[in-house]
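Chains H and L are the protein sequences, given in the same order.
Residues in the first sequence are numbered from 1 upward in steps of one, following the numbering used here.
Residues in the second sequence are numbered from 117 upward in steps of one, following the numbering used here.
Quick reminder that beta carbons are idealized off the backbone N, C-alpha and C, glycines included.
As the structure is a prediction and not an experimental result, all values here were calculated from the model.
Before any comments, here is the structure.
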Amino acid sequence: GAGVSQSPSNKVTEKGKDVELRCDPISGHTALYWYRQSLGQGLEFLIYFQGNSAPDKSGLPSDRFSAERTGGSVSTLTIQRTQQEDSAVYLCASSRLAGGFTDTQYFGPGTRLTVL
Amino acid sequence: ELKVEQNPLFLSMQEGKNYTIYCNYSTTSDRLYWYRQDPGKSLESLFVLLSNGAVKQEGRLMASLDTKARLSTLHITAAVHDLSATYFCAVAQKLVFGQGTRLTINP
Chain H
1 GAGVSQSPSN KVTEKGKDVE LRCDPISGHT ALYWYRQSLG QGLEFLIYFQ
51 GNSAPDKSGL PSDRFSAERT GGSVSTLTIQ RTQQEDSAVY LCASSRLAGG
101 FTDTQYFGPG TRLTVL
Chain L
117 ELKVEQNPLF LSMQEGKNYT IYCNYSTTSD RLYWYRQDPG KSLESLFVLL
167 SNGAVKQEGR LMASLDTKAR LSTLHITAAV HDLSATYFCA VAQKLVFGQG
217 TRLTINP
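Structure below.
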């Protein structure tokens, strides 16, 4: 079946602009996660959605970052007023069940964000 | 704060040799994952370890977990070039990753 998909694959933007990154999880997966990967910070957790529960935003680095998940499926990560330190690869992952024994997270191909 | 440390961070091996990558974590966790990442690619799940003493094997890779020591190992047997990649361990539901081990296997 189809895996996690993300779009765009690459995004170049100017400092101060807003960007939206999209994630389509694996069908039937109730949990969705956003991470980012950068040279300086490695892989970092950003935010987590589980079903209809309020998202866990504990990893978001600033209030310029937000995310939503519509209809329990597609998620959008929004970065407002982008800064150069936001440049990274943003990875989305989904799992069938969060916190259970079948909660292996499957990752999408990522969106490479470059802020000039 | 949960911290995860891998060593070594860089590993250059000859084909046919055996080696082990170590993953230590700082606080109790009920699960540990190993992922592989090829250059420019995303993360591929290798193993999920859910209990003390768990051992899983796939081909030339074997992973084990000692929850009392807060240690996992990824053992490579008779390495082949195709195993060249960066390997990450990760702990907890909101994954906390190690730094990654960049493995290069030379002919």
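{"Query": "Which bits of chain L does residue 104 of chain H rub up against, with CB to CB less than 8 Å?", "Result": "149, 161 and 164"}
{"Query": "Buried or exposed: where does residue 197 of chain L fall if 16 or more other Cβ atoms within 10 Å of its Cβ makes it buried?", "Result": "exposed"}
{"Query": "Within 8 Å (strictly less), CB to CB, does residue 45 of chain H reach chain L?", "Result": "yes"}
{"Query": "With DSSP run on the structure shown, which of helix, strand or coil describes residue 197 of chain L?", "Result": "helix"}
{"Query": "So the candidates are H:28, H:69 and H:64; which of them puts its Cα closest to the Cα of residue 49 of chain H?", "Result": "H:69"}
{"Query": "Tell me which residues of the stretch 52 to 81 of chain H have at least one Cβ-Cβ distance to chain L shorter than 8 Å, keeping chain order.", "Result": "56, 58 and 59"}
{"Query": "Three Cβ pairs or more, each shorter than 8 Å: is that satisfied between the stretch 161 to 174 of chain L and the stretch 135 to 150 of chain L?", "Result": "yes"}
{"Query": "What residues in its chain sit with their C-beta under 6 Å from that of residue 123 of chain L, if we drop five residues either side in the sequence?", "Result": "138"}
{"Query": "Would you say residue 90 of chain H reaches chain L, if we count a Cβ-Cβ gap shorter than 8 Å as a contact?", "Result": "no"}
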